[in-house]
Amino acid sequence: MEEIVREKKKRSRNIPILEKQLAEHPEEPFTLFNMGNEYLSMKDYERALGYYKQAMSHLKNRRIAYVPHLFFRIISCHSCLGHSDQALTAAGEALKEFPACTDYEFLRGSILLARGRYTLAIDSFEACMKMGPPPMQLEFLPGCGTFRPALQMGELYMELEDYERAIRHYNMALSHKSNLYSALYRIGHALGRLDPGGDRAAAGLLSFFTNPKYTPNALLAADILVGEGFLNQAAAALENLTDTQGRESELDYLRGRILLLRGQSRLGAGRLEAACDAPEPETRILRGVRPKSARLLFAAGLMLEDEDLLERALGHIAALCSAATCRAATLMRQIFQGVTPEDPHFAEEGRDEQAVMLDLLEFLLKCRSLELFERLVRGLNYVDGRDLLLNLAKVYDNLGLRSLAAEHVLRSIKELDTVDADGARILLRQLRD
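725 is the number that our numbering gives to position 343 of the sequence shown; each next residue is one higher, with no gaps.
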């Protein structure tokens with residue numbers, strides 16, 4: 383938080399200085415570029431792009447050191463603003479000027495993938511892998527010539543439900559970056575689609591680890607398997623482990639989560655409370671297990687209808703989680719108790735609180751607590767984001783409830799005039815099915 387405050391203060395100092403410089407030299411490209419950078423850091427992509435385009439229009443020499451960065455940021459701003467045609471045009475111009483820059487090609491491929499232009503995206507990502515890493519002065523996003531295009535190819539084939547090709551490309555990404563855990567999670571997801579029973583999926587996943595009984599590997603594998611709903615296989619991965627000292631919070635978190643999903647909420651709550659109280663491991667394999675344990679403990683309190691447990695869970699949330707999590711949990715508890723909450727007037731349309739509530743609701747559905755889900759889903763009435771129905775559709779989609787997901791995308795289009803690439807994908811798949 384202190385770092386964020388420092389950054390805001392720095393920007394508040396920098397912008398007036400740059401404005402003064404522009405008043406004296408309004409066509410100075412480097413000053414315009416720096417002004418764009420200030421707005422980019424604030425995620426004001428529209429204003430940043432305006433300054434970048436002005437900087438480009440006043441350039442007399444495109445061989446200056448910051449010009450490749452300028453091209454990259456113009457492409458990125460167009461992409462963030464949803465200007466895919468302009469982003470592709472800018473990427474093409476950038477590659478003509480700096481053909482050795484793999485990063486531009488990677489951006490082009492990513493934009494094509496987002497638009498569903500799969501064959502062109504494949505061409506682009508394959509070109510990235512052939513080009514390899516760019517010269518140092520043309521590298522802005524490490525890995526655009528190695529693991530990143532392989533990872534994106536994996537996502538592309540997942541989208542096409544070609545799971546074996548997806549696994550091959552995720553494995554290729556891992557060959558370039560062995561600690562790329564996100565690729566292992568995606569491999570687990572693809573294996574789960576190929577084997578809904580879970581035994582072959584678990585065996586396939588464990589084959590990616592040199593020693594599956596090495597405690598850090600077992601923790602990671604179990605987390606992936608729990609996420610795919612393979613509870614027995616996840617529990618088996620955690621059996622007979624040696625050298626678990628310092629891993630208590632991670633083990634209690636995983637075992638507590640498995641117990642909740644099996645319907646053993648009281649036993650699960652005990653494990654999760656122990657995870658909240660355990661010290662942070664010196665080296666973490668799983669991220670944020672104590673805050674996650676606090677949120678799951680709150681879910682357990684709701685499922686058990688245990689006010690004392692809810693009170694303790696809120697105490698752990700206050701100590702371990704974000705302020706938005708505290709606000710969302712407090713609101714959900716009031717709804718659970720039958721109290722009509724006052725409008726909390728969440729900042730930024732309640733975006734952070736919405737994410738917390740959707741995460742809780744998704745977990746309740748995984749636990750088959752349908753009545754509790756119906757009771758608490760009303761909490762979403764207190765957030766105002768136009769993407770609310772889309773995000774709820776994605777929750778249903780994550781759980782394989784495809785018809786319900788498509789229904790909520792259509793509601794989002796009709797009631798909120800809002801759809802995104804994920805929503806379009808959900809509708810397209812429903813039409814194919």
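All C-beta atoms in this analysis are idealised placements derived from N, C-alpha and C, irrespective of residue type, glycine included.
Please list the terminal residues of the continuous alpha helix (DSSP H) segment that includes residue i.
i	result
residue 412	411–423
residue 480	Where residue 480 is concerned, there is no enclosing alpha helix (DSSP H), given that its DSSP letter is neither H nor E.
residue 427	427–439
residue 819	Residue numbering for the chain in the displayed model covers 383 to 815; residue 819 lies beyond these limits and cannot be assessed.
residue 796	784–798
residue 773	770–780
residue 708	705–718
residue 660	Premise fails: residue 660 is in no alpha helix (DSSP H) and is neither H nor E.
residue 671	671–686
residue 667	Where residue 667 is concerned, there is no enclosing alpha helix (DSSP H), given that its DSSP letter is neither H nor E.
residue 750	Run containing residue 750: none; DSSP gives neither H nor E here.
residue 407	Looking at the DSSP string, residue 407 is not in any alpha helix (DSSP H), and its letter there is neither H nor E.
residue 802	Where residue 802 is concerned, there is no enclosing alpha helix (DSSP H), given that its DSSP letter is neither H nor E.
Helix, strand or coil: how does DSSP classify residue i here?
i	result
residue 626	coil
residue 763	helix
residue 396	helix
residue 461	helix
residue 471	helix
residue 734	helix
residue 501	helix
residue 726	coil
residue 578	coil
residue 745	helix
residue 451	helix
residue 402	helix
residue 446	coil
residue 529	helix
residue 815	coil
residue 522	coil
residue 561	coil
residue 542	coil
If we ignore side chains and look at the alpha-carbon of each, how far apart do residue i and residue j end up?
i	j	result
residue 516	residue 510	10 Å
residue 811	residue 622	42 Å
residue 738	residue 710	7 Å
residue 502	residue 481	18 Å
residue 433	residue 550	42 Å
residue 565	residue 410	44 Å
residue 753	residue 484	51 Å
residue 719	residue 759	14 Å
residue 557	residue 569	13 Å
residue 667	residue 414	43 Å
residue 649	residue 684	14 Å
residue 658	residue 600	21 Å
residue 537	residue 736	26 Å
residue 680	residue 618	26 Å
residue 705	residue 693	16 Å
residue 495	residue 725	40 Å
residue 626	residue 616	16 Å
residue 528	residue 559	9 Å
residue 707	residue 690	19 Å
residue 530	residue 567	15 Å
residue 801	residue 792	9 Å
residue 423	residue 455	11 Å
residue 542	residue 582	22 Å
residue 587	residue 788	31 Å
residue 518	residue 594	37 Å
residue 638	residue 474	51 Å
residue 675	residue 446	51 Å
residue 429	residue 654	46 Å
residue 757	residue 767	21 Å
residue 712	residue 399	43 Å
So residue i and residue j are supposed to be a Cβ contact under 8 Å. How far apart are they, rounded?
i	j	result
residue 804	residue 776	6 Å
residue 605	residue 636	6 Å
residue 460	residue 431	7 Å
residue 532	residue 513	Not really, about 13 Å apart at Cβ, beyond 8 Å.
residue 602	residue 563	7 Å
residue 671	residue 610	Wrong, their Cβ atoms sit about 18 Å apart, outside the cutoff.
residue 437	residue 453	Actually they do not touch by this definition, with Cβ atoms about 11 Å apart.
residue 457	residue 486	7 Å
residue 466	residue 497	6 Å
residue 748	residue 702	Rounded, the Cβ-Cβ distance is 22 Å, inconsistent with contact.
residue 493	residue 535	Not really, about 15 Å apart at Cβ, beyond 8 Å.
residue 772	residue 794	5 Å
List in chain order: all unbroken alpha helix (DSSP H) runs of 4+ residues lying wholly within the region 581–645.
Counting only runs of 4 or more residues that sit fully inside the region 581–645, the alpha helix (DSSP H) segments are 581–588, 597–609, 613–619, 630–643, in chain order.
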